[in-house]
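Everything on this sheet refers to the single structure shown next.
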Amino acid sequence: MEFKDYYLVMGLEKSATPEDIKGAHRKLARKYHPDVSKEKDAEARFKELAEAYDVLKDPEKRAAYDRLGANYKAGQEFQPPPDWADRQAEAGSYSQSFQDVDGQDHSAFFDALFRGMGRGQNGTQQRSYEAFDMHGQDQHARIQIEVEDSYNGATRTLQLRVQTQGNDGRPQLADRTIEFVIPKGIRAGQHIRLAAQGGPGMGNGSPGDLYLDVEMLPHPLYRTDGYDVLMDLPIAPWEAALGAEVVAPTPTGQVEVKIPAGSVTGRKLRLKGRGLPGKTPGDFYFVLRLTQPIAERDADKKAYADLQTAFKTFNPRAQVEALEKTLNTG
Amino acid sequence: MQPNFILTASRHDVTSVLEDITELTLGDLCRACGAQVDIIIELISEGVIEITSIEQSLPQEHWRFSGVHLHRAKVAMRLHRDLGVNFAGAALALQLMDELEGVKLKLRSFAV
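Residue numbers (the working numbering), protein chains in the order written: chain A, 1383 to 1712; chain B, 523 to 634.
Okay, here's the thing in structure tokens:
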């Protein structure tokens, strides 16, 4: 296994004071908290941070880690000394202070150093296995879906590494594969709940639930706003001015769009009920964007010059000038 | 680290969308959050969970909550546990996150 440099994780020097450690934890926890952070690897970073803080905030664990870590660098291959467990057991240090952060699965490195000592023997967690029936922990995972998945529904599999209780009562890690359905009409920011698929309960306690935070992957064409789905539709100036019928894609297939004469950029054309499905389905909107051709050939330039002649009195900045006038006189 | 064992794959059909859940009782909400009633009352008074004043004047057994309430309560409790913010601070964080989402959405609609 790899040696983990907890000081590096927290951006601290080895000489850091308890105040430094607390301060660094607060700052980084705010940055990487999965409920707040949009960083891509927030969850992993937050867990790593929790593990580092778990060790460094505790003077006894920190001292043990420092003794061990003096000769190691981050990422270096690491094996705990053969007599490590005995030494720590004799010291009897962690049994009372050991408290896992949120029952999270810490790294193998952490497990090798600190797991099984306090908890496996007379730790508080162990006692609770015997004494109580406890509802299992809810678990969270993030899933990314395409807008099409919301239109059609989809089946996905999710791999989760979970902490379970082994036959000897000690926590151990297991991989779980869960197949689940993405319900039609799911929207970004919603949560799929898989009942009883979270952490196992203790004693006769029921398992927790698994919550999946739904993130919608950006789509090159479509964007969502609640149940509504929007798409920019580029049109030529003459299509806007004269009206036109154009063919355009939607997530439910190609449609013929009638662009009314006299349309302007930003005009929304609605396809009622063609947004995300639901009890009240959303609408689909084409948002018109005027795109003008670049005049390269002489004939192109002449066409623009003819436009200019035809619209002699047109002043594109009329509104700006009027506003400016009001500001200056007001 | 290699896991000690592999659980068999399971297919899960009991899927619900949290936000579509309505009509949770105070007891349901407590159970789902793993919280005592007084915590939920505090979350209501700090504005993490909003219920109408008419509803608040009714006996507690008539209060009803939604999946959105459940989600907000859980986030506030996690922020409290992990970051040390009190519930008033968590309510502010939730409000700012909502606003941020709205702004991001607007920004996307301007991007061509």
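Don't be surprised by glycine CBs; every beta carbon is placed ideally from N, CA and C.
If you're wondering where the values come from, they're calculated on a predicted model, not measured in any experiment.
The C-beta of Tyr-1593 (chain A) comes closer than 8 Å to at least one C-beta of chain B.
Within chain B, no C-beta atom comes less than 8 Å from the C-beta of Gln-1521 (chain A); the nearest is roughly 12 Å away. C-alpha of Glu-1459 (chain A) to C-alpha of Glu-1384 (chain A): approximately 5 Å in a straight line.
Look at Asp-550 (chain B): its C-beta is not under 8 Å from any C-beta on chain A. The beta carbon of Leu-565 (chain B) does not come within 8 Å of any beta carbon belonging to chain A, so the residue lies off that interface. Taking the beta carbon of His-1601 (chain A) as reference, no residue of chain B falls within 8 Å; the closest one sits roughly 11 Å away. For Phe-1428 (chain A), no beta strand (DSSP E) segment is defined; the enclosing uninterrupted segment is the alpha helix (DSSP H) at 1424-1438. At least one CB of chain B lies nearer than 8 Å to the CB of Pro-1565 (chain A).
Taking Gln-578 (chain B) as reference, the option from B:Ile-563, B:Ser-588 and B:Gly-589 with the minimal CA-CA separation is B:Ile-563. Residue contact check for Ala-615 (chain B) against chain A: a CB pair falls below 8 Å.
Counting only Cβ-Cβ distances below 7 Å, Val-570 (chain B) has no contacts in chain A at all, with the closest Cβ about 13 Å away. The Cβ of Ile-1527 (chain A) sits no closer than 8 Å to any Cβ of chain B. With contact defined as three or more Cβ pairs closer than 8 Å, the segment 574-589 of chain B and the segment 614-625 of chain B are not in contact.
Each residue's CA atom was taken as its position, placing Gly-1567 (chain A) and Phe-587 (chain B) some 22 Å apart. Residue environment analysis places Tyr-1435 (chain A) among the buried positions, since at least 16 neighbouring C-beta atoms fall within 10 angstroms of its C-beta.
Here the alpha carbon of Gly-1583 (chain A) sits roughly 7 Å from the alpha carbon of Gly-1590 (chain A). Not a single CB atom of chain B sits nearer than 8 Å to the CB of Val-1391 (chain A). Against chain A, the CB of Arg-594 (chain B) has no partner CB under 8 Å away; the residue lies outside that interface.
Ala-595 (chain B) and Leu-565 (chain B) do touch by the CB rule: their CB atoms are close to 5 Å apart, below 8 Å. Under the three-state reduction of DSSP, Leu-1689 (chain A) is assigned to helix.
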